[in-house]
Amino acid sequence: MKGSLIILSFFATGLLLGVFRWIPISWANADVSFYVLCALMFSVGFSIGHQPDTIKQFRKIHSRVLFLPLTTIVGTFAGVLVVSVFFKHSTAELLAVGSGFGYYSLSSVLITQCKGAELGTIALLSNIMREILTLLFAPLMVRYFGNLSPIAAGGATTMDTTFPIIVRTAGKEFSIVSIYNGFVLDFCVPFLVTLFCSI
Amino acid sequence: MFVGIVAGYLFRSRKIPFQNGLILTLIWVLLFLLGLEVGVNDNVVRKFASLGLEAAVIAVTATLGSVFAAKLLWRSIKNHEK
Numbered sequence: 220m221k222g223s224l225i226i227l228s229f230f231a232t233g234l235l236l237g238v239f240r241w242i243p244i245s246w247a248n249a250d251v252s253f254y255v256l257c258a259l260m261f262s263v264g265f266s267i268g269h270q271p272d273t274i275k276q277f278r279k280i281h282s283r284v285l286f287l288p289l290t291t292i293v294g295t296f297a298g299v300l301v302v303s304v305f306f307k308h309s310t311a312e313l314l315a316v317g318s319g320f321g322y323y324s325l326s327s328v329l330i331t332q333c334k335g336a337e338l339g340t341i342a343l344l345s346n347i348m349r350e351i352l353t354l355l356f357a358p359l360m361v362r363y364f365g366n367l368s369p370i371a372a373g374g375a376t377t378m379d380t381t382f383p384i385i386v387r388t389a390g391k392e393f394s395i396v397s398i399y400n401g402f403v404l405d406f407c408v409p410f411l412v413t414l415f416c417s418i
Numbered sequence: 090m091f092v093g094i095v096a097g098y099l100f101r102s103r104k105i106p107f108q109n110g111l112i113l114t115l116i117w118v119l120l121f122l123l124g125l126e127v128g129v130n131d132n133v134v135r136k137f138a139s140l141g142l143e144a145a146v147i148a149v150t151a152t153l154g155s156v157f158a159a160k161l162l163w164r165s166i167k168n169h170e171k
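Top line first, the protein sequences correspond to chains A and C. Per the numbering used here, residue 220 is the first one in the first sequence, and the count goes up by one each step. Per the numbering used here, residue 90 is the first one in the second sequence, and the count goes up by one each step.
What follows is the structure in structure tokens.
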């Protein structure tokens, strides 16, 4: 939660500086952010490759639970498709927003890069809200939708920010599932987002 | 990203303490730049409220969709175990 607030404040600071033209507009051109993005993608890949122990632990999981990340993806897309008729953005663009799965930092940056700041802002806000919804409603989800539901709701955040609340509400035995789900979705976010942006 | 995965795997035996901090810092820089980009774009600033609403609707339905799907999976696992 504290992490999200810090990130939001960076966004807000940039926003205010831009609105009131306190720094030269030329600073806001996209070239700089492209190189920073490359560095970020390298670091994210590095951290995934850096923890092979997690991969070994996946074998202990019940075979059907292995489908949880896929379930998260399908459910998310179904939810987005239902409301896509109400918005002027194309279905593919909205699916790109949904493909953030709560990973707001990476998805908003990627979407800004290929679709512009407007859709990027939607992606940022939407995915932050998804994380907050998961943090707030995890206990209710467990009660009405079963122990896997907060993990599906948390999407790509279930190995970091929403991990503690999931372990507390769904139970310790779901910690490996939670890490597995977050790991797979973390990996999928850049691919799915760029896929839907290119359609 | 693949270069990063390979590099991370090769250096897996070594502890790299600054790695998470680096990701966080890069994310901060990028989000700051995104804010800047949004801020100088008067068109987006004017529509900020409606963008926020759109974002909220997508967040709620995307979360609900995945939660429902998880319920179906959970039920199928329970039935399977019986």
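Every residue, glycine too, gets a C-beta built ideally from N, C-alpha and C. These numbers were taken from a predicted model, which means no experiment stands behind them.
So which of the options has the shortest CA-CA distance to residue i?
| i | options | result |
| --- | --- | --- |
| F137(C) | L367(A), G390(A), L343(A) and F382(A) | L343(A) |
| F356(A) | T388(A), A375(A) and I341(A) | T388(A) |
| A144(C) | A371(A), T290(A), G233(A) and E350(A) | E350(A) |
| T290(A) | K334(A), S303(A), Y363(A) and L404(A) | L404(A) |
| L142(C) | T340(A), L236(A), P383(A) and F406(A) | T340(A) |
| E312(A) | S345(A), V284(A), L285(A) and V238(A) | S345(A) |
| A148(C) | G298(A), T377(A), Q332(A) and R362(A) | G298(A) |
| V412(A) | V386(A), G317(A) and P358(A) | G317(A) |
| C416(A) | S327(A), V284(A) and L285(A) | S327(A) |
| F320(A) | V408(A), S368(A) and E337(A) | V408(A) |
| K435(A) | G233(A), K391(A) and L414(A) | Since the first and last residues shown for chain A are 220 and 418, residue 435(A) lies out of range. |
| T381(A) | G233(A), S262(A) and P358(A) | P358(A) |
| F121(C) | A258(A), W241(A), L234(A) and L259(A) | L234(A) |
| R164(C) | R283(A), T310(A) and D379(A) | R283(A) |
| I418(A) | I385(A), F286(A), H308(A) and L325(A) | H308(A) |
| D379(A) | L300(A), N400(A) and G390(A) | N400(A) |
| L354(A) | I385(A), Y363(A) and C257(A) | I385(A) |
| L329(A) | F364(A), G390(A) and F410(A) | F410(A) |
According to DSSP, simplified to helix, strand and coil, what is residue i?
| i | result |
| --- | --- |
| L289(A) | helix |
| D131(C) | helix |
| Y363(A) | helix |
| F171(A) | In the structure displayed, chain A extends from 220 to 418; residue 171(A) sits before or after that span and is not available. |
| W241(A) | coil |
| F305(A) | coil |
| E418(A) | In the sequence as displayed, the identity of residue 418(A) is Ile instead of Glu. Coil, per DSSP. |
| M378(A) | coil |
| K136(C) | coil |
| Y323(A) | helix |
| G298(A) | helix |
| S228(A) | helix |
| S318(A) | coil |
| G390(A) | coil |
| G339(A) | helix |
Compute the beta-carbon to beta-carbon distance between residue i and residue j, rounded to the nearest angstrom, for a pair I have assumed lies under 8 Å.
| i | j | result |
| --- | --- | --- |
| N366(A) | F393(A) | 6 Å |
| Y322(A) | A375(A) | 4 Å |
| K167(C) | S368(A) | 13 Å between Cβ atoms; not a contact. |
| V255(A) | L119(C) | 5 Å |
| E337(A) | L140(C) | 7 Å |
| L115(C) | L259(A) | 4 Å |
| I395(A) | L287(A) | The pair is not a contact, with the Cβ atoms about 11 Å apart (cut-off 8 Å). |
Can you list the residues of chain C that residue i reaches, using a CB-CB cut of under 8 Å?
| i | result |
| --- | --- |
| R169(A) | For residue 169(A) there is no data in the structure shown, the boundaries of chain A being 220 and 418. |
| L355(A) | Those do not exist, as L355(A) stays about 11 Å from chain C at its closest Cβ, beyond 8 Å. |
| S309(A) | The premise fails here: S309(A) is roughly 13 Å from chain C at the closest Cβ pair, so nothing lies under 8 Å. |
| R283(A) | L162, S165, I166 and H169 |
| V299(A) | I147, T150, A151 and G154 |
| V255(A) | L115, V118, L119 and L122 |
| I370(A) | A159 |
| V302(A) | V146, I147 and T150 |
| G374(A) | S155 |
| V316(A) | A144 and I147 |
Run down chain A in chain order and give the residues with a C-beta less than 9 Å from the C-beta of residue i.
| i | result |
| --- | --- |
| A145(C) | L344, S345 and M348 |
Using a cut-off of 9 Å between C-beta atoms, extract the partners of residue i located in chain C.
| i | result |
| --- | --- |
| V412(A) | Correct list: empty, because the minimum Cβ distance to chain C is about 12 Å. |
| G390(A) | Ordered by position in chain C, no residue passes the 9 Å Cβ test against G390(A), which lies about 13 Å from the chain. |
Name the chain C residues whose beta carbon is nearer than 7 Å to that of residue i?
| i | result |
| --- | --- |
| F286(A) | L162 |
| V293(A) | A158 |
Quick check: the region 279-299 of chain A against the region 142-154 of chain C, are there 3 or more CB pairs under 8 Å?
yes
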